[in-house]
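Heads up: the sequence shown begins at 1 in UniProt numbering, then just goes up one per residue.
Glycine is no exception: its CB is placed at the ideal position from the N, C-alpha and C atoms.
In this text, all values refer to a predicted model and were calculated from it rather than measured experimentally.
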Amino acid sequence: MNYQEFYQNSLKHPEQFWSQQAQELEWFKSPKIILSKDKHDYFQWFEDGQLNLSYLCIDKHIKDGFGEQDAIIYDSPVTNAKKHISFNQLHFEVSKLAGGLQSLGLERGDTCIIYMPMIPQAIYAMLACVRIGVIHSVVFGGFAPHELAIRIDDCKPKAIITASNGIEIEKIIPYKPFVDEAITKAENKPEHVVVFDRQLGVEIPKKNYDIDYKSLVENSPSVDAVSVESIHPSYILYTSGTTGTPKGIIRDTGGYATALKFSMKYVYGVDEGDTFWAASDVGWVVGHSYIVYGPLLNRNTTILFEGKPIRTPDASTFWRVISEHNVKVMFTAPTAIRAIKKEDPTGHMIKRFDMSCLKYQFLAGERCDVATLNWTHEKLNVPVIDHWWQTESGWPMLANMVGVELQEVKPGSASFPVCGYDIKILNEAGEEVEASVEGYVAVKLPLPPGTLSNLWGNPKRFKSGYLERFPGYYFSGDGGYKDEDDYVFITGRVDDIINVAGHRLSTAEMEEIVASNKVVAECAVFGVHCEIKGQKPLGLIVLKSNVDSDNSQIQKEIIKDVRNEIGAVASFKDVLIVNRLPKTRSGKILRKLLRNIADERQYNIPSTIDDVAIINEIEAVYKINNIGIHKN
1 MNYQEFYQNS LKHPEQFWSQ QAQELEWFKS PKIILSKDKH DYFQWFEDGQ
51 LNLSYLCIDK HIKDGFGEQD AIIYDSPVTN AKKHISFNQL HFEVSKLAGG
101 LQSLGLERGD TCIIYMPMIP QAIYAMLACV RIGVIHSVVF GGFAPHELAI
151 RIDDCKPKAI ITASNGIEIE KIIPYKPFVD EAITKAENKP EHVVVFDRQL
201 GVEIPKKNYD IDYKSLVENS PSVDAVSVES IHPSYILYTS GTTGTPKGII
251 RDTGGYATAL KFSMKYVYGV DEGDTFWAAS DVGWVVGHSY IVYGPLLNRN
301 TTILFEGKPI RTPDASTFWR VISEHNVKVM FTAPTAIRAI KKEDPTGHMI
351 KRFDMSCLKY QFLAGERCDV ATLNWTHEKL NVPVIDHWWQ TESGWPMLAN
401 MVGVELQEVK PGSASFPVCG YDIKILNEAG EEVEASVEGY VAVKLPLPPG
451 TLSNLWGNPK RFKSGYLERF PGYYFSGDGG YKDEDDYVFI TGRVDDIINV
501 AGHRLSTAEM EEIVASNKVV AECAVFGVHC EIKGQKPLGL IVLKSNVDSD
551 NSQIQKEIIK DVRNEIGAVA SFKDVLIVNR LPKTRSGKIL RKLLRNIADE
601 RQYNIPSTID DVAIINEIEA VYKINNIGIH KN
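Shown next, in the form of structure tokens:
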């Protein structure tokens, strides 16, 4: 099959194209209306169709005779546990937990937060919710109680499903106490907290709202999957907002299932029955789409990995998992590869394992630097595919579609648009720019199935954030360019969202926390280059006059505050004290200039700056603190 013909067909005849792809699913009621608009005048897919994600991920495969195939392989080097879970076993766990949630009063259209480590019960909880039409919102287990409380107040869950604890390399993360603290902080109070005890000797504080997970499952009936409309929300997934307030991305059901089934075959090149591994977390969009729903929809065996790329026990753990579990296609973030490369630069540990099963290595979550891509290709000797997408899109927007036609890999580029995405590079006026000219990455409407349908409870913010800047387009928030061969290069965020090891985090939110410290007069937090994580936050603070405190103690306090409010995931470790911050005459802090100086990029001093001399002061502070010791 020719990529260009396939892709162009998806743009010229979108309804016909996606109607054909939708037929790959088993619908309870097949859709007749393929593309329509909702009450907010936004596009939606398969409006009159009915189906169920849990049924497609489990029941259908059992009905087709594959009940004993492995659905999930749980591999946890941090607990020395491994478990093979068949589709039959998955059905038992999910259908009984779904019955338990119904017995607690959860009904179709209710919301439920899932705050879990990377254990099978996290997947059971997700599939149990969609089985009964309950809208789940998975919150990454690394987020602090403050962040969890914000999400509780936004989506108002009737219940929270959590675990006694998580584990990170010889460190216990107290999930249940975090949930209790978040509920105390939140204005909205869920009725129940379902607690799975991992039985690792961790004390679980008891509350009146607690329900024991194991008892709930044991004492509940098994329930069938309910039929929901294609446009029924399957989940809410929060992503950082430029205001510091997270945005609740709403994912539909039918469009999402259609897109994921399509992507497993045509983007990732996996067949039914193959083993697929996305080394991510169910708290992120990659975990939703490619640990849980995508592989299970496609009858793939999915790997659920609880660990890190290094120190569990060493930098060989990824290669061990691939070899041991016969992984055909693997997907991880460049951060993970850089961490492995740092520990094992020659790739010697790879040679311990038979890697002949691996056909493709995909990378995403942040821009992949050329050196990392080349090292991975050299050591694994398979095509290494950098691809680009977002929480909002739910599935890849740019990729080398290996299931259609494997094309030349250009390091630094995420290759070409995926079917359904008409990607343009626009200037400030919304006009398409010439090849090699950097601009704003936008996608012509309608977006293909599976992409965001709205923001939870905030359609105005949805329109203002994504649709109003360039009418007729979805604005991605990223900058980039196309070369003369139409390969697309993503250069990074154009707002204050930074990408730390594949995690999108708001520097505005970090600034609010830093600014709340009683000795801080003003501050700026922005992302700078990091050899391991891609980006990391750097904070510059100006102290109030007559502050009589030890500077190092102030820095420690601020770092601790950010960690407590956002969590360790922020990787906020660098705070520098400066006399003043560069600003425009209107008072706007020049964060992009501060970032460019730190990253040792060429920069122009804007004519609007209020005092040019401050640039030399900032450069001196960076030099003293070894900021910007790398070259770009």
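For Gly49 against Pro117, the beta-carbon gap comes to about 35 Å, at or over 8 Å, which does not count as contact. For Leu148, the enclosing alpha helix (DSSP H) begins and ends at 145 to 155. By the 16-neighbour rule on beta-carbons within 10 angstroms, Arg601 is exposed. Of all C-beta pairs linking the segment 362 to 369 to the segment 380 to 391, three or more are shorter than 8 Å, placing the two stretches in contact. When C-beta atoms of the segment 410 to 429 are compared with those of the segment 461 to 468, fewer than three pairs fall below 8 Å, so the two segments do not count as touching.
In the assembly as shown, His61 is a buried residue. Its beta-carbon has 16 or more other beta-carbons within 10 Å. Shortest Cα-Cα distance from Gly347 to any of Thr317, Tyr74, Cys357, Thr332 involves Thr317. In this structure, Ser86 places its C-beta atom within 8 Å of the C-beta atom of Asp70.
In the structure shown, Arg299 falls within a coil segment according to DSSP collapsed to helix, strand and coil. Every unbroken stretch of the alpha helix (DSSP H) spanning 4 or more residues and falling wholly within the UniProt domain "AMP-binding enzyme C-terminal" (509 to 588) is given here in chain order: 551 to 565. Here DSSP, grouped into helix, strand and coil, assigns Thr372 to helix. In this chain, Trp277 is not harboured by any alpha helix (DSSP H); it is covered by the beta strand (DSSP E) spanning 275 to 278. With fewer than 16 neighbouring CB atoms inside 10 Å of its own CB, Glu15 falls in the exposed class. Under the 10 Å beta carbon count, Ser571 is surrounded by 16 or more other beta carbons and is classified as buried. In the DSSP assignment, Glu432 is bridged to Leu426. Scanning the segment 350 to 415 from its first residue to its last, the whole alpha helix (DSSP H) runs of 4-plus residues come out as 370 to 380.
Under the three-state reduction of DSSP, Thr451 is assigned to coil, being neither helix nor strand. In the same chain as Asn564, and ignoring 5 residues on each side of it, the C-beta atoms closer than 8 Å to its own belong to Ala144, His146, in chain order. Each residue's CA atom was taken as its position, placing Lys207 and Ile350 some 48 Å apart.
Annotated three-state conformation of Arg469 is coil, per DSSP. In this structure, Ile554 sits near Val519, with a CB-CB distance shorter than 8 Å. Sequence-distant partners of Ala414 (beyond 5 residues in either direction) whose C-beta falls short of 7 Å from its own C-beta, in its chain, are Asp386, His387, Trp388, Leu398, Ala399, Val488, Ile490. In this structure, the beta-carbon distance from Val327 to Trp284 does not fall below 8 Å. In this chain, the alpha helix (DSSP H) harbouring Asp180 covers 175 to 185. Per DSSP, reduced to three states, the secondary structure at Tyr266 is helical. About 14 Å separates the CB atoms of Val441 and Asp483; that is not less than 8 Å, and the two are not in contact. Between Asn454 and Ile250, the beta carbon gap of about 5 Å places them in contact (Cβ cut-off 8 Å). Per DSSP, the unbroken alpha helix (DSSP H) holding Val621 starts and ends at 614 to 624. Distances from the alpha-carbon of Thr253 to those of Ile303, Tyr235, Pro313, Ile497 put Tyr235 closest. The closest CA to that of Phe92, considering only Phe17, Glu431, Ala225, is found on Ala225. Val267 is positioned such that its CB atom lies closer than 8 Å to that of Pro396. Taking a contact to require three or more Cβ pairs closer than 8 Å, the segment 492 to 501 and the segment 540 to 559 do not qualify as touching. Between Leu543 and Ile627, the C-beta gap is not smaller than 8 Å, which leaves the two residues out of contact. For Arg504, the enclosing beta strand (DSSP E) stretches over residues 503 to 506.
Counting along the chain, the unbroken beta strand (DSSP E) around Met330 starts and ends at 327 to 332.
Trp375 has its alpha-carbon roughly 10 Å from the corresponding atom of Asn381.
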